[in-house]
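S.K.:
In my numbering, the protein residues as written are 487 to 862.
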């Protein structure tokens, strides 16, 4: 029997996703790119359904007949209400919250059970949609005024450059995006970028820049003066960063590959270095729900060691009296507060102020951590 169009693609995606190792969001983007017949409205429903099933997979698997299958999960989800089961004490708590048992135990151990429950529930909600205004080209007031008649938008409470969209739209088709007037960026991520007190003439290294999201956020404060170095070990991420920097009109940035011969000459010269470290991503599980099913303690221990090694490398580029900011999109103390303590005990640095931290809540920003040190 032929399946309905959307159901066909949902199951096709799940079966194909199962036999590869990449993240779900990237896999979905590539799938839709390869299947042009799936229109915008269908893509939206398909993506929301896939993320919903992935978020609640643990509870769905408890409810359906064994052996489990994507077909059974889909059928159960189509008439599913999580609220119906959240207070059912005959179901183990971690299953009601749709989290792996070991992950939930770790969260409870480090956050306390009540906070761990709140975290899991928030992580099973869709993430808010937030953009950051590019102050090199426009202002928040101007964009809010332009969008007010067409979209449901409001100014972010904490970020001075943030705007929340209360309904999802195709940002990348908007003229304002093509003109570089804004970028999609979570409010907490914007606040991490605000930790870099950039000034005109500064020399700044974004050491784990990825595709440059935080560089794009603090670069306007440099006023096209000084030099911004955008560094990462992934060439594809740096290619994307180059496109974004050009679209944003940032003229004083240069891409710095990990094997650049110019790299060593930059040691002990930076006013600021940002280490937006690879982490568990626990604070952004709403956006990447597949990651919770891949989480394990060994991965976390490996990341903690990797964060320390990266921080050590990055600190070499800070000049005496300069600043280094460490950040993660995690809520776990071993990646955050405990790392900050380790850095202070083992490196010639001291913290400048109390750390920034945010915790995911429904309709609010993601979970991030950031702290600034000065190099003695």
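C-beta: ideal position from N, C-alpha, C; glycine also.
Excluding the five sequence neighbours on either side, which residues of its own chain have a C-beta within less than 7 Å of the C-beta of residue 705, listed in chain order?
M.R.: For residue 705, where only same-chain residues beyond five positions count, the Cβ hits under 7 Å are 714, 736, 739.
S.K.: Which term fits residue 582, buried or exposed, when burial requires 16 or more other beta carbons within 10 angstroms of its beta carbon?
M.R.: When all chains shown are included, residue 582 counts as buried.
S.K.: Can you give me the C-alpha to C-alpha distance between residue 603 and residue 687, rounded to a whole angstrom?
M.R.: Cα to Cα, residue 603 sits roughly 46 Å from residue 687.
S.K.: Along the chain, where does the alpha helix (DSSP H) containing residue 831 start, and where does it finish?
M.R.: Element bounds for residue 831: 823–832.
S.K.: Once DSSP output is grouped into helix, strand and coil, what is the label at residue 861?
M.R.: Strand, per DSSP.
S.K.: Should residue 657 and residue 639 be called a contact, given that it needs their Cβ atoms to be closer than 8 Å?
M.R.: Cβ atoms of residue 657 and residue 639: not closer than 8 Å.
S.K.: Please report the distance separating the alpha-carbon of residue 616 from that of residue 822.
M.R.: One C-alpha to the other measures close to 24 Å.
S.K.: Taking the Cβ atom as the reference point for each residue, do residue 838 and residue 859 lie within a distance shorter than 8 Å?
M.R.: Result yes, Cβ atoms of residue 838 and residue 859 sit closer than 8 Å.
S.K.: May I have the straight-line CA-CA distance separating residue 733 from residue 664, to the nearest angstrom?
M.R.: Those two C-alpha atoms are separated by around 7 Å.
S.K.: Measure the alpha-carbon distance for residue 709 versus residue 808 and round it to whole angstroms.
M.R.: Their backbone Cα atoms lie some 20 Å apart in a straight line.
S.K.: Among 618, 567, 828, 784, whose alpha-carbon lies nearest the alpha-carbon of residue 675?
M.R.: Ranking the options by Cα distance to residue 675, first place goes to 618.
S.K.: Tell me the rounded alpha-carbon separation between residue 579 and residue 587.
M.R.: Distance between the alpha carbons of residue 579 and residue 587 is about 9 Å.
S.K.: Taking all protein chains shown into account, do 16 or more other C-beta atoms lie within 10 angstroms of the C-beta of residue 673, making it buried, or fewer, making it exposed?
M.R.: By the 10 Å Cβ count, residue 673 comes out buried.
S.K.: Threshold first: 3 residues or longer. Then list the beta strand (DSSP E) segments lying entirely within the stretch 588–628, N to C.
M.R.: Counting only runs of 3 or more, we get 615–619.
S.K.: Give the secondary structure of residue 670 by DSSP, where H, G and I count as helix, E and B as strand, and everything else as coil.
M.R.: Three-state result, residue 670: strand.
S.K.: Hey, is the stretch 760–777 in contact with the stretch 810–819, meaning 3+ C-beta pairs nearer than 8 Å?
M.R.: Touching, yes, given that three or more Cβ pairs across the two stretches are closer than 8 Å.
S.K.: What is the DSSP secondary structure of residue 743, counted as helix, strand or coil?
M.R.: It is a strand residue.
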